[in-house]
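Engineer: The structure is given below, and queries will be raised subsequently.
There are 2 protein chains.
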Amino acid sequence: MWLNYIVNTYSFMTEHEMNTEQKILDAAKDVFQQKGLTGARMQEIADKAGINKALLHYYYRTKDKLFEKVFEIAFSLFIPRVKEMMGSDRPIMEKIAFFVDNYLELLNKHPYIPGFIISELNRNPQILVNIIEKNIQIKQNRLIELLDDQIQKEVKAGIIKPISAKNLMTNVISLCIFPVVARPILQGIIFDNNKKEYDIFLKERKEFVKDYLINSIKA
Amino acid sequence: MWLNYIVNTYSFMTEHEMNTEQKILDAAKDVFQQKGLTGARMQEIADKAGINKALLHYYYRTKDKLFEKVFEIAFSLFIPRVKEMMGSDRPIMEKIAFFVDNYLELLNKHPYIPGFIISELNRNPQILVNIIEKNIQIKQNRLIELLDDQIQKEVKAGIIKPISAKNLMTNVISLCIFPVVARPILQGIIFDNNKKEYDIFLKERKEFVKDYLINSIKA
DNA sequence: CCTACCTTTGACCAATTGGTTAAACCAAAC
DNA sequence: GTTTGGTTTAACCAATTGGTCAAAGGTAGG
Numbered sequence: 001m002w003l004n005y006i007v008n009t010y011s012f013m014t015e016h017e018m019n020t021e022q023k024i025l026d027a028a029k030d031v032f033q034q035k036g037l038t039g040a041r042m043q044e045i046a047d048k049a050g051i052n053k054a055l056l057h058y059y060y061r062t063k064d065k066l067f068e069k070v071f072e073i074a075f076s077l078f079i080p081r082v083k084e085m086m087g088s089d090r091p092i093m094e095k096i097a098f099f100v101d102n103y104l105e106l107l108n109k110h111p112y113i114p115g116f117i118i119s120e121l122n123r124n125p126q127i128l129v130n131i132i133e134k135n136i137q138i139k140q141n142r143l144i145e146l147l148d149d150q151i152q153k154e155v156k157a158g159i160i161k162p163i164s165a166k167n168l169m170t171n172v173i174s175l176c177i178f179p180v181v182a183r184p185i186l187q188g189i190i191f192d193n194n195k196k197e198y199d200i201f202l203k204e205r206k207e208f209v210k211d212y213l214i215n216s217i218k219a
Numbered sequence: 001m002w003l004n005y006i007v008n009t010y011s012f013m014t015e016h017e018m019n020t021e022q023k024i025l026d027a028a029k030d031v032f033q034q035k036g037l038t039g040a041r042m043q044e045i046a047d048k049a050g051i052n053k054a055l056l057h058y059y060y061r062t063k064d065k066l067f068e069k070v071f072e073i074a075f076s077l078f079i080p081r082v083k084e085m086m087g088s089d090r091p092i093m094e095k096i097a098f099f100v101d102n103y104l105e106l107l108n109k110h111p112y113i114p115g116f117i118i119s120e121l122n123r124n125p126q127i128l129v130n131i132i133e134k135n136i137q138i139k140q141n142r143l144i145e146l147l148d149d150q151i152q153k154e155v156k157a158g159i160i161k162p163i164s165a166k167n168l169m170t171n172v173i174s175l176c177i178f179p180v181v182a183r184p185i186l187q188g189i190i191f192d193n194n195k196k197e198y199d200i201f202l203k204e205r206k207e208f209v210k211d212y213l214i215n216s217i218k219a
């Protein structure tokens with residue numbers, strides 16, 4: 001089970017219903033992630049969930065509704081986490097170390113979700129607007145402002161070099177996610193398509209990225 | 001015209017043919033880029049090219065063949081460029097500055113191509129194998145080895161801090177491409193979906209990334 | 001047992017989609 | 001002006017696909 005989302009949301013359901021719905025979401029997540037909204041087939045999702053196709057439409061009336069749910073779950077697993085991790089009151093350098101550690105672990109557990117989010121969001125940016133409308137606490141402007149206050153204080157205190165919160169956040173996230181999202185290219189071009197070598201590379205990069213980021217801002 | 005690829009490849013063609021074929025490739029590029037292989041419709045490509053759908057199949061027998069062509073053109077615009085730019089015999093820091101300048105300019109001209117490549121490659125990594133088979137000079141292992149030699153020399157000479165070529169390349173590429181590829185997310189979450197602000201951010205980031213990368217490796 | 005309600009299914013449908021074909025078109029060669 | 005070759009089109013087709021529906025299955029309460 002990739003997320004006990006449903007368990008929390010619909011705790012009044014019977015065990016049977018929960019299992020079917022969970023099986024559907026699991027299957028849908030796999031298929032949508034690999035083939036995208038337009039490439040996925042309801043029949044394939046039904047097969048993978050071990051149910052009839054009509055039952056799929058019984059639980060989620062349309063393909064779009066099912067997709068929306070899957071996307072929302074994937075999104076809520078990766079994005080709000082940023083806020084949690086960067087919102088504490090520790091020094092910047094500790095925050096970065098903590099973030100890199102945790103985010104790379106999360107990425108290791110769910111390597112296809114960021115690519116899925118990015119792909120589908122590029123295809124239809126409107127999804128994000130809907131999600132943000134539904135889910136107000138996702139807005140992170142305030143986080144960026146607060147983070148920037150903290151950073152500028154630490155800059156003035158001579159702890160770190162001058163940098164904006166937006167640039168720092170972008171750097172941190174880029175260095176964490178891109179090597180996972182662009183794996184086929186980097187593995188193919190730089191690593192001659194050697195999967196094992198790339199796995200090792202990613203594993204070793206965990207410590208590297210942390211040190212690199214911290215050293216790059218240390219005053 | 002997004003690329004005079006055809007002109008070079010099929011220079012024996014009449015002007016008329018060239019125009020039709022170019023119109024097809026232009027339209028196909030737009031549609032494939034926005035909707036992906038599975039989301040694109042041959043009818044839409046034909047409409048956008050101002051021709052009949054049957055004519056599309058006259059030039060490119062199948063959707064897959066047309067897609068392959070478009071993908072290959074997009075790919076060859078972005079990937080071999082890395083080799084060109086990193087293959088000179090200048091010092092590492094100059095190479096990085098040159099690369100960032102040129103790549104960010106290229107990205108500004110074709111912001112949707114990297115996302116397109118990454119999306120489709122995640123969906124079907126086999127494409128890359130085919131392209132590399134066809135196009136031997138794309139293999140860049142040798143480049144990485146040479147680059148690593150140069151780096152280790154400069155490290156020993158006390159010019160830059162210790163780093164591997166693979167990590168350095170990954171960092172440079174990540175910091176350049178990710179903010180463009182993940183624009184919908186970053187713009188939505190960090191910039192409250194303010195398109196203009198994000199444009200400014202990307203523009204200002206050009207100098208920032210260059211300085212950041214160089215300072216991060218300077219001994 | 002039976003009623004009532006939710007779940008599950010097989011059969012079916014209308015619309016879409018990639019692809020084909022035969023005929024029309026058109027420019028250059030003779 | 002007619003033949004010849006590639007180019008363009010309208011009409012058509014078979015297969016796929018998201019979605020529906022009526023009926024069957026199953027289960028808890030009376």
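The listed protein sequences derive, respectively, from chains F and D. Its first residue numbered 1, the first sequence is counted upward by one per residue in our numbering. Its first residue numbered 1, the second sequence is counted upward by one per residue in our numbering. Glycine is no exception: its CB is placed at the ideal position from the N, C-alpha and C atoms.
Using a beta-carbon distance below 8 Å, is G226 (chain D) in contact with chain F?
Structural biologist: This structure cannot settle anything about residue 226 (chain D), because the visible part of chain D is limited to 1 through 219.
Engineer: With the cut-off set at 8 Å, would you say L128 (chain D) and P184 (chain F) are in Cβ contact?
Structural biologist: Your numbering for residue 128 (chain D) matches position 128 in the second sequence. Your numbering for residue 184 (chain F) matches position 184 in the first sequence. Contact check for L128 (chain D) against P184 (chain F) passes: the beta carbons are separated by less than 8 Å.
Engineer: Please list the partners that F178 (chain F) has in chain D, where partner means a Cβ-to-Cβ separation under 7 Å.
Structural biologist: Residue 178 (chain F) sits at position 178 when you count from the first residue of the first sequence. Ordered by position in chain D, the residues that pass the 7 Å Cβ test against F178 (chain F) are S174, I177 and F178.
Engineer: On the CB-based measure, 16 or more other CB atoms within 10 Å of its CB, does K156 (chain F) come out buried or exposed?
Structural biologist: Taking the first residue of the first sequence as 1, we reach residue 156 (chain F) at position 156. Burial call: exposed.
Engineer: By alpha-carbon positions, which one of F:F201, F:L186, F:N194 and F:I113 ends up nearest to I79 (chain D)?
Structural biologist: As a first step, residue 79 (chain D) must be located in the second sequence, where it is residue number 79. Selected option, being the one with the closest Cα: F:L186.
Engineer: Could you give the distance in angstroms between the alpha-carbon of W2 (chain D) and the alpha-carbon of G115 (chain D)?
Structural biologist: Translated into positions along the second sequence, residue 2 (chain D) becomes position 2. Translated into positions along the second sequence, residue 115 (chain D) becomes position 115. Low confidence applies here, because W2 (chain D) scores a pLDDT of 45, under 50, leaving its location unreliable; read the following figure in that light. Near 17 Å, if we compare the C-alpha coordinates of G115 (chain D) and W2 (chain D).
Engineer: If you measure beta-carbon to beta-carbon, which residues of the region 47-73 of chain F are closer than 9 Å to chain D?
Structural biologist: none
Engineer: Output, in chain order, the set of chain D residues within a Cβ distance shorter than 8 Å of M169 (chain F).
Structural biologist: Stepping through the first sequence from its first residue, residue 169 (chain F) is reached at position 169. The contacting residues are I190.
Engineer: Check the Cβ-Cβ distances between F208 (chain D) and every residue of chain F, and say whether any is below 8 Å.
Structural biologist: Here residue 208 (chain D) refers to the residue found at position 208 when the second sequence is read from its first residue. It does; some Cβ of chain F falls within 8 Å.
Engineer: Would you say N130 (chain D) reaches chain F, if we count a Cβ-Cβ gap shorter than 8 Å as a contact?
Structural biologist: Position 130 of the second sequence, counting from 1, holds the residue named residue 130 (chain D). No, no contact with chain F.
Engineer: Is there contact between the region 147-164 of chain F and the region 81-92 of chain F, where contact requires at least three CB pairs shorter than 8 Å?
Structural biologist: yes
Engineer: Applying a beta-carbon distance threshold of less than 7 Å, which residues of chain D neighbour Y103 (chain F)?
Structural biologist: Here residue 103 (chain F) is taken as the residue at index 103 of the first sequence, counted from 1. What Y103 (chain F) touches in chain D: nothing, since even the nearest Cβ is about 14 Å away.
Engineer: In terms of DSSP beta bridges, what is I160 (chain F) paired with?
Structural biologist: Looking up residue 160 (chain F) in the first sequence gives position 160. DSSP output for I160 (chain F) lists F:K218 as bridge partner(s).
Engineer: Is DSSP giving A182 (chain F) helix, strand or coil here?
Structural biologist: Locating residue 182 (chain F) in the first sequence gives position 182, where the first residue counts as 1. Three-state DSSP puts A182 (chain F) in coil, outside helix and strand.
Engineer: Since G87 (chain D) meets chain F, which of its residues come closer than 8 Å, beta carbon to beta carbon?
Structural biologist: Position 87 of the second sequence holds residue 87 (chain D). Correct list: empty, because the minimum Cβ distance to chain F is about 14 Å.
Engineer: Where are the alpha helix (DSSP H) runs, 4 residues long or more, that stay fully inside the region 62-106 of chain D, in chain order?
Structural biologist: 63-78 and 80-86
Engineer: List the endpoints of the continuous alpha helix (DSSP H) containing H57 (chain D).
Structural biologist: If you number the second sequence from 1, residue 57 (chain D) lands on position 57. Its alpha helix (DSSP H) spans residues K53 to Y59.
Engineer: Ends of the alpha helix (DSSP H) at N122 (chain F)?
Structural biologist: Walking along the first sequence from the start, residue 122 (chain F) turns up at place 122. From DSSP, the alpha helix (DSSP H) with N122 (chain F) extends over I113 to R123.
Engineer: Would Q22 (chain D) and Y112 (chain D) be called neighbours here (beta carbons separated by less than 8 Å)?
Structural biologist: Translated into positions along the second sequence, residue 22 (chain D) becomes position 22. Translated into positions along the second sequence, residue 112 (chain D) becomes position 112. Contact: no.
Engineer: The alpha helix (DSSP H) spanning K48 (chain F) covers which residue range?
Structural biologist: As a position in the first sequence, residue 48 (chain F) is number 48, starting the count at 1. Where K48 (chain F) is concerned, the enclosing alpha helix (DSSP H) stretches over M42 to A49.
Engineer: Determine, for P125 (chain D), whether the minimum Cβ-Cβ distance to residues of chain F falls below 8 Å.
Structural biologist: As a position in the second sequence, residue 125 (chain D) is number 125, starting the count at 1. Put simply, the CB of P125 (chain D) is near chain F, with a gap under 8 Å to one of its CB atoms.
Engineer: Cβ closer than 8 Å: which chain D residues qualify as neighbours of T38 (chain F)?
Structural biologist: Counting from one through the first sequence, the residue named residue 38 (chain F) turns up at place 38. Neighbours of T38 (chain F) on chain D, chain order: K35, G36, T38 and G39.
Engineer: Quick one: which chain F residues come within Cβ less than 7 Å of K218 (chain D)?
Structural biologist: Indexing the second sequence from 1 puts residue 218 (chain D) at position 218. Neighbours of K218 (chain D) on chain F: none; closest Cβ ~10 Å, over 7 Å.
Engineer: In angstroms with no decimal places, state the Cα-to-Cα distance between I159 (chain F) and D211 (chain F).
Structural biologist: Here the question's residue 159 (chain F) lines up with position 159 in the first sequence. Here the question's residue 211 (chain F) lines up with position 211 in the first sequence. In a straight line, the C-alpha of I159 (chain F) is about 16 Å away from that of D211 (chain F).
Engineer: Is the Cβ of A28 (chain D) closer than 8 Å to any Cβ of chain F?
Structural biologist: Within the second sequence, residue 28 (chain D) is the residue found at index 28, counting from 1. Chain F, which has no Cβ nearer than 8 Å to the Cβ of A28 (chain D), makes this no.
Engineer: Can you list, in chain order, the residues of its chain with a C-beta nearer than 8 Å to that of L121 (chain F)? Leave out the 5 residues immediately preceding and following it.
Structural biologist: Locating residue 121 (chain F) in the first sequence gives position 121, counting from the first residue. So the list reads I127 and L128, once near-sequence residues are dropped.
Engineer: Report the neighbours of F201 (chain D) on chain F: residues whose CB is nearer than 7 Å to its CB, in chain order.
Structural biologist: One-based indexing of the second sequence puts residue 201 (chain D) at position 201. Chain F residues near F201 (chain D): K166.
Engineer: For the alpha helix (DSSP H) containing N130 (chain D), name the first residue and the last one.
Structural biologist: Counting from one through the second sequence, the residue named residue 130 (chain D) turns up at place 130. Where N130 (chain D) is concerned, the enclosing alpha helix (DSSP H) stretches over Q126 to K134.
Engineer: Would you tell me roughly how many angstroms separate the C-alpha atoms of I144 (chain D) and V181 (chain D), rounded to the nearest one?
Structural biologist: Position 144 of the second sequence, counted from the start, is the residue given in the question as residue 144 (chain D). Position 181 of the second sequence, counted from the start, is the residue given in the question as residue 181 (chain D). So the two alpha carbons sit approximately 24 Å from each other.
Engineer: Could you compute how far the alpha carbon of D47 (chain F) sits from the alpha carbon of K63 (chain F)?
Structural biologist: The residue you call residue 47 (chain F) lines up with position 47 of the first sequence. The residue you call residue 63 (chain F) lines up with position 63 of the first sequence. Whole-angstrom Cα-Cα distance: 15 Å.
Engineer: Just the Cα atoms here: how many angstroms apart are K29 (chain D) and I117 (chain F)?
Structural biologist: As a working note, residue 29 (chain D) is residue 29 in the second sequence. As a working note, residue 117 (chain F) is residue 117 in the first sequence. Cα-Cα distance, rounded: 22 Å.
Engineer: Could you give the DSSP three-state label for I200 (chain D): helix, strand or coil?
Structural biologist: Locating residue 200 (chain D) in the second sequence gives position 200, counting from the first residue. The answer is helix: DSSP assigns I200 (chain D) an H, G or I state.
Engineer: By the criterion of Cβ-Cβ separation under 9 Å, what are the contact partners of V181 (chain D) in chain F?
Structural biologist: The residue given as residue 181 (chain D) occupies position 181 in the second sequence. Those are I118, N122, F178, V181 and A182, listed as they occur along chain F.
Engineer: In chain order, what residues of the same chain have a beta carbon less than 6 Å from the beta carbon of I177 (chain D), not counting five sequence neighbours either side?
Structural biologist: Translated into positions along the second sequence, residue 177 (chain D) becomes position 177. Closer than 6 Å at the Cβ level, and outside the excluded window around I177 (chain D), lie P114.
Engineer: Which of the three DSSP states is assigned to Q140 (chain D) in this structure?
Structural biologist: Position 140 of the second sequence, counted from the start, is the residue given in the question as residue 140 (chain D). Here Q140 (chain D) sits in coil by DSSP.
Engineer: Examine chain F for any beta-carbon lying closer than 8 Å to the beta-carbon of L186 (chain D), and answer yes or no.
Structural biologist: In the second sequence, residue 186 (chain D) corresponds to position 186, counting from 1. Closer than 8 Å: yes.
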